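Mapped onto my numbering, the consecutive letters of the sequence shown carry residue numbers 75 to 562. Here's the structure, in structure tokens; my notes come after.
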Amino acid sequence: MLVQLLLLSSVLLSCIGNGNAGLTSAFVRNEWPSNDIPLDNEAFAVPKGYNAPQQVHITQGDYDGKAVIISWVTPNEPGSNKVRYGLTEGKYDFTAEGTVQNYTFYNYKSGYIHQCLVNGLQYDKKYYYEIGNGDSSRKFWFQTPPEINPDASYKFAIIGDLGQTYNSLSTLEHCMQTGANTILFVGDLSYADRYDNHDVGVRWDSWGRFVERSAAYQPWIWSAGNHEIEYFPHLGEVIPFRNYLHRYPTPYPASKSSSPMWYAMRRASAHIIVLSSYSPYVKYTPQWRWLNQELKRVDREKTPWLIVLMHTPIYNSNDAHFMEGESMRVVFERWFCHYKVDLVFAGHVHAYERSYRISNIRYNISSGTSYPVPDKSAPVYITVGDGGNQEGLAQRFRDPQPDYSAFREASYGHSTLEIKNRTHALYHWNRNDEGKRVPTDSFVLHNQYWWVHSKLLRNYLGNSHRRRKLKKNYLHSVISKISRSHIF
Ligand SMILES: [Fe+2]
């Protein structure tokens, strides 16, 4: 472990320690065809049995990780809304009852969409669950997170802009190989909006079956992208996000949000904030007001890791979607720095990019420099919109590489964030190298809140002898006192 940390530290120093010398990867990917997998492929296999549940997926169902929302579709008739579950495989001591609904989208009629909240769960347990009836019933499992704890270790994977091509399948399989406990999804799910008429709904269904191999077992934390908007006036479909909202519920009331499009949750040692790039967010809008309050609820003593998900990147140096995140940057960047957000993950651009810790908050329209500058309080911005959808890669980066950009590569892939404790996490971006998973951009991440505090603590205590004499809990109380006495 020590060797791994040292190795990764050296990568960190070589990649982000030297200010303004970013790296544009020379790796050129031989492009696989970016075509959607045909509907009759086994990747979209319909489960056997009359009215068998399909498109099964789970997400966190509350604020603190003691609940899941389980969703599934029955194609022929409503069937049962019940989830049978328990702590032993094949022995389901508990039952929860959900709801069922369906909807139309132009001339497409959806299957029966079930959503069931399973709450009151124990932390850090493997639960087995069964849905459907008789010969058509299906069995799955999920693992609840550890109790909210600042030193809880936990592994997230981050995927964006996935779609349903062979590259998407490769990304999904690679992601599952990492053993990540939860998937943070940064928008643009199915790319069904690339189709028309009836096929839009059909491709939402095929995508649901496609991701079930992961999403029925590991919770996916959803955020919406532009491909979820589906504004189709020629079909008479003009209400944004209709397919998405019918199919992918989020636990928004638990974080006092008024919309499923933006919400927050705590999981293990992380506080995760999901924003909507395509809902109003300027001053006084519901999303702005909500985020203003939610950031005040973040307690780094309980959840040291503060992570923000959005679709449109704020810092991007690709020609694709350049400057599209600028309006959200103007509104929210100041808060991200003030609250010392650790990481902002985005998608949208079909390539990988990581920023240095920089901000452009000194600039206002009447004074200051209008250029991002190094800022220790700023998050690292990571664009991981490289899931592998049918639109292919965004191959043209701006030249020269801007000072704010630390590493960029136009390949498919996904990221993992392995939280070790309150001060350290291991980050990887994994290139999808024509079917092989190749860890490419890796570093040790220091927590924005506790790393600073632990350095202050070392100075405060002076020498290791005094440190050894202090008990762990007392150390924490000393850190708290120091943190309250330092404005930084
Ligand atoms: Fe997008």
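Idealized CB from N, CA, C, for every residue including glycine. Remember, it's a predicted structure, so these values are computed and weren't measured experimentally.
Other residues of its chain near ASP167: CB distance less than 6 Å, five sequence neighbours each side excluded: Its chain contains GLY160 as the residues whose beta carbon lies nearer than 6 Å to that of ASP167, once the 5 sequence neighbours on both sides are disregarded; these appear in chain order.
Cβ-based neighbour list, CYS190, same chain, cut-off 6 Å, excluding 5 preceding and 5 following: For CYS190, where only same-chain residues beyond five positions count, the Cβ hits under 6 Å are ILE144, VAL157, ALA170 and GLY172.
Buried or exposed by the 16-neighbour rule on C-beta atoms within 10 Å, applied to GLN129: Buried: at least 16 other Cβ atoms inside 10 Å.
LEU76 classed as buried or exposed, judged by whether at least 16 other C-beta atoms fall within 10 angstroms: Any reading at LEU76 needs caution, since the residue's pLDDT is 42, under 50, leaving its predicted position unreliable; the model's value is listed next. So LEU76 counts as exposed.
Span separating the alpha-carbon of THR162 from that of ASP416: Between THR162 and ASP416, the C-alpha separation is close to 38 Å.
beta-carbon ASP262 near ligand 1 non-hydrogen atom, thresh 6 Å: Result yes, Cβ under 6 Å from ligand 1.
Spatial distance of SER88 from LEU491 (CA atoms): Any answer about SER88 is weak, because its pLDDT of 35 lies below 50 and its placement is not dependable; what the coordinates show is given next. For SER88 and LEU491, the gap between their C-alpha atoms comes out near 19 Å.
Proximity of ILE381 and ALA342 at Cβ, strictly below 7 Å: Note that the C-beta distance between ILE381 and ALA342 is not below 7 Å.
Pair within 7 Å by beta-carbon distance, ILE346 and MET339: Yes. Within cutoff.
Alpha-carbon spacing of LEU113 relative to GLY282, whole angstroms: In this structure, the CA atom of LEU113 is about 12 Å from the CA atom of GLY282.
Whether PRO293 touches GLN134 by CB criterion (7 Å): In this structure, GLN134 lies closer than 7 Å to PRO293 by Cβ.
Unbroken stretches of the alpha helix (DSSP H), 4 residues or longer, contained in the stretch 169 to 193: Restricted to the stretch 169 to 193, not a single alpha helix (DSSP H) segment is unbroken, complete and at least 4 residues in length.
Residue nearest to GLN217 in terms of C-alpha spacing, selected from ALA119, ALA231, THR256 and THR497: When only C-alpha atoms are compared, the closest one is THR256.
Residues that DSSP places opposite ALA344 in a beta bridge: Its beta-bridge partners are ARG341 and TRP379.
Contact the stretch 414 to 434 vs the stretch 255 to 273: 3+ CB pairs below 8 Å: Three or more beta-carbon pairs separated by less than 8 Å link the stretch 414 to 434 to the stretch 255 to 273, which places the two stretches in contact.
From SER227, PRO387, THR443 and GLN238, residue whose alpha carbon lies closest to that of PRO453: Closest option to PRO453, Cα to Cα, is PRO387.
Residue burial classification, ILE233 (beta-carbon count within 10 angstroms, cutoff 16): By the neighbour-count rule (16 or more Cβ atoms within 10 Å), ILE233 is buried.
The beta strand (DSSP E) enclosing THR245, as first and last residue numbers: Note, THR245: premise wrong, no beta strand (DSSP E); alpha helix (DSSP H) at 240 to 251.
Spatial neighbours of ALA290 in its chain, beta-carbon cut-off 7 Å, leaving aside the 5 residues before and after: A distance below 7 Å between beta-carbons, with the five flanking residues on each side excluded, links ALA290 to the following residues of its chain, in chain order: VAL130, HIS131, ILE132 and PHE214.
C-beta atoms of ILE187 and VAL147 nearer than 7 Å: Contact: yes.
For GLY237 and GLN469, believed in contact at Cβ under 8 Å, the rounded distance: 17 Å between Cβ atoms; not a contact.
Spatial distance of PHE432 from LYS183 (CA atoms): The sequence given here has Ile at residue 432, not Phe. So the two alpha carbons sit approximately 48 Å from each other.
DSSP bridge partner residues for GLY160 (one or two, in chain order): In the DSSP assignment, the residues bridged to GLY160 are TYR202.
Neighbourhood of TYR250 by C-beta, 6 Å cutoff - its chain only, sequence neighbours within 5 removed: Here residue 250 turns out to be Met, not Tyr, going by the sequence shown. Sequence-distant Cβ neighbours of MET250 in its own chain, meaning closer than 6 Å and more than five residues away, are SER288.
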